[in-house]
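Some notes on the structure that comes next.
Residue numbers (UniProt numbering): 1 to 316.
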């Protein structure tokens with residue numbers, strides 16, 4: 001019998017929940033949880049009737065899960081983990097070669113080694129997902145409690161709570177990174193249905209938009225069929241928007257965006273040596289200055305460009 005070997009120094013933390021928190025002795029390889037922290041959690045659990053006590057509990061759970069998530073991600077970037085992935089590819093190649101011959105001890109050994117490496121890698125990935133779920137779940141519960149002052153003062157609480165942005169920004173990042181995990185989606189939908197306070201999210205709209213459509217199926221569809229989509233939007237506006245001024249404004253926005261799009265494309269494509277668009281001026285000490293001429297749309301259409309947002313280009 002051939003058995004898989006497990007390296008003790010590569011053991012990773014188990015999933016973080018309130019029930020098994022005492023078992024969480026390793027937040028990342030080589031780091032042991034402080035016994036005082038575990039005792040403090042027990043104390044909070046016993047007396048967690050007040051809002052403040054429950055908030056401290058969930059913030060602590062969120063920090064522990066987040067730290068565990070970071071530790072596992074660091075491990076997955078390590079040389080040891082990459083060697084396991086390389087081993088899987090190599091054992092897979094050798095299995096294909098061995099499969100061409102008769103059954104042998106070597107073939108069984110290769111199969112076992114491949115299975116062991118796959119199980120080890122899969123175990124790490126499962127713990128990664130579990131930690132992400134714990135991070136999101138505890139973070140959303142804490143956010144509910146932090147949002148309560150907004151319920152009494154919907155616009156803005158009397159005292160600004162910096163804990164909200166400190167929690168919500170990294171929480172959004174984790175939610176989007178694991179948005180294909182059904183338990184993460186379930187936790188977020190539950191939060192929306194039961195405890196979401198819109199005022200808390202107003203300040204993070206731009207951060208949310210930086211994530212939206214990045215992986216959505218709508219993004220390539222819009223890029224490929226943009227003309228049809230714009231026409232459809234305008235047709236819907238004609239049909240649904242009764243205010244003629246609003247319809248006219250929508251048409252103007254589309255025209256401005258089109259003008260800006262053409263202007264930026266021209267600016268990127270034009271060569272600085274083209275005298276139609278750039279005027280070269282010699283300065284002292286062999287310095288050269290280039291002045292953009294009105295032939296450039298980015299100059300002649302500057303009044304339009306002021307009305308539309310700057311384009312965002314992915315940095316490769």
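All C-beta atoms in this analysis are idealised placements derived from N, C-alpha and C, irrespective of residue type, glycine included.
Can you give, in chain order, each stretch of the alpha helix (DSSP H) that sits fully within the segment 117-172 and has at least 4 residues?
148-152
Cα-Cα, which of 105, 278, 188 is closest to residue 293?
Along the chain shown, one-based indexing puts residue 293 at 293. The shortest C-alpha separation from residue 293 is found at 278.
Only counting the same chain, and skipping five residues up and downstream in sequence, which positions put a Cβ closer than 8 Å to that of residue 338?
It is not possible to answer for residue 338, since the shown part of the chain is limited to 1 through 316.
Write down the C-beta distance between residue 111 and residue 95 rounded to the nearest angstrom, noting that I regard them as a contact closer than 8 Å.
Mapped onto the chain shown, residue 111 falls at position 111. Mapped onto the chain shown, residue 95 falls at position 95. Yes, they are in contact, since the Cβ atoms of residue 111 and residue 95 sit about 6 Å apart, within 8 Å.
Taking the alpha-carbon of residue 147 as reference, which of 99, 124, 202 has the nearest alpha-carbon?
Position 147 of the chain shown, counted from the start, is the residue given in the question as residue 147. Among 99, 124, 202, the Cα nearest to that of residue 147 is on 202.
My output table needs one value for residue 282: the three-state DSSP class, helix, strand or coil.
Here residue 282 refers to the residue found at position 282 when the chain shown is read from its first residue. Three-state DSSP puts residue 282 in a strand.
Can you give me the C-alpha to C-alpha distance between residue 141 and residue 260, rounded to a whole angstrom?
Along the chain shown, read from residue 1 onward, the residue named residue 141 stands at position 141. Along the chain shown, read from residue 1 onward, the residue named residue 260 stands at position 260. The straight-line gap from Cα to Cα measures roughly 43 Å.
Going by the beta-carbon positions, is the gap between residue 132 and residue 176 smaller than 7 Å?
Here the question's residue 132 lines up with position 132 in the chain shown. Here the question's residue 176 lines up with position 176 in the chain shown. Contact flag unset, no.
Which two residues bound the contiguous beta strand (DSSP E) that contains residue 77?
Here residue 77 is taken as the residue at index 77 of the chain shown, counted from 1. Annotation for residue 77: no beta strand (DSSP E) segment contains it, and DSSP assigns it neither H nor E.
Is it the case that the Cβ atoms of residue 257 and residue 205 are separated by a distance below 7 Å?
The residue labelled residue 257 in the question sits at position 257 within the chain shown. The residue labelled residue 205 in the question sits at position 205 within the chain shown. Not closer than 7 Å, so no.
Residue 200: CB within 6 Å of a non-hydrogen atom of the ligand PLP
Annotation note on the ligand PLP: not contained in the displayed structure, which lists no ligands.
Mind checking whether residue 150 and residue 197 have CB atoms under 7 Å apart?
For this step, residue 150 is matched to residue 150 along the chain shown. For this step, residue 197 is matched to residue 197 along the chain shown. Yes, these two residues count as a Cβ contact at 7 Å.
In whole angstroms, give me the CA-to-CA distance for residue 6 and residue 75.
On the chain shown, residue 6 is found 6 positions in, with the first residue counted as 1. On the chain shown, residue 75 is found 75 positions in, with the first residue counted as 1. Per-residue confidence for residue 6 stands at a pLDDT of 46, beneath the threshold of 50, marking its modelled position as unreliable; no derived number is given.
By DSSP, does residue 186 sit in helix, in strand, or in coil?
Along the chain shown, read from residue 1 onward, the residue named residue 186 stands at position 186. Note: residue 186 maps to helix in three-state DSSP.
Residue 181, DSSP secondary structure in three states
To locate residue 181, count along the chain shown from 1; it is residue 181. Residue state, collapsed to three classes: coil.
Quick check: the Cα distance between residue 405 and residue 51, rounded to an integer number of angstroms?
Residue numbering for the chain in the displayed model covers 1 to 316; residue 405 lies beyond these limits and cannot be assessed.
Between which two residues does the alpha helix (DSSP H) containing residue 200 stretch?
Here the question's residue 200 lines up with position 200 in the chain shown. Run containing residue 200: 198-201, per the alpha helix (DSSP H) assignment.
Helix, strand or coil for residue 204, going by three-state DSSP, please let me know.
Taking the chain shown and counting its residues from 1, the one referred to as residue 204 is at position 204. Residue 204: helix per DSSP, three-state reduction.
Residues bridged to residue 292 by DSSP?
To locate residue 292, count along the chain shown from 1; it is residue 292. Partner(s): 278.
Counterpart residues of residue 287 in DSSP-defined beta bridges:
Residue 287 sits at position 287 when you count from the first residue of the chain shown. Bridge partners of residue 287: 283.
Alpha carbons only, please: which of 297, 84, 287, 250 is nearest the one belonging to residue 270?
Position 270 of the chain shown holds residue 270. For residue 270, the nearest C-alpha among the options comes from 297.
Proximity winner among 246, 251, 143, relative to residue 199 (alpha-carbon distances):
Taking the first residue of the chain shown as 1, we reach residue 199 at position 199. With distances taken between Cα atoms, residue 199 lies closest to 143.
To the nearest angstrom, how far is it from the Cα of residue 62 to the Cα of residue 210?
Within the chain shown, numbered from 1, the residue matching residue 62 stands at position 62. Within the chain shown, numbered from 1, the residue matching residue 210 stands at position 210. Residue 62 and residue 210 have their alpha carbons spaced roughly 24 Å apart.
Give every residue of the same chain whose Cβ lies closer than 7 Å to the Cβ of residue 320, excluding the five residues on either side of it in the sequence, and list them in chain order.
Only positions 1 to 316 of the chain appear in this structure, which leaves residue 320 out of reach.
Burial state of residue 127, where buried means 16 or more other Cβ atoms lie within 10 Å:
Sequence index remark: in the chain shown, residue 127 carries index 127 (1-based). So residue 127 counts as buried.
In the DSSP assignment, the alpha helix (DSSP H) including residue 299 goes from what residue to what residue?
On the chain shown, position 299 is the one that residue 299 refers to. Run containing residue 299: 297-300, per the alpha helix (DSSP H) assignment.
Less than 7 Å between the beta carbons of residue 87 and residue 136, yes or no?
To locate residue 87, count along the chain shown from 1; it is residue 87. To locate residue 136, count along the chain shown from 1; it is residue 136. Contact flag unset, no.
Taking all protein chains shown into account, decide if residue 243 is buried (16 or more other Cβ within 10 angstroms of its Cβ) or exposed.
The count along the chain shown starts at 1 and reaches residue 243 at position 243. The residue in question, residue 243, is exposed, as its Cβ has fewer than 16 Cβ neighbours within 10 Å.
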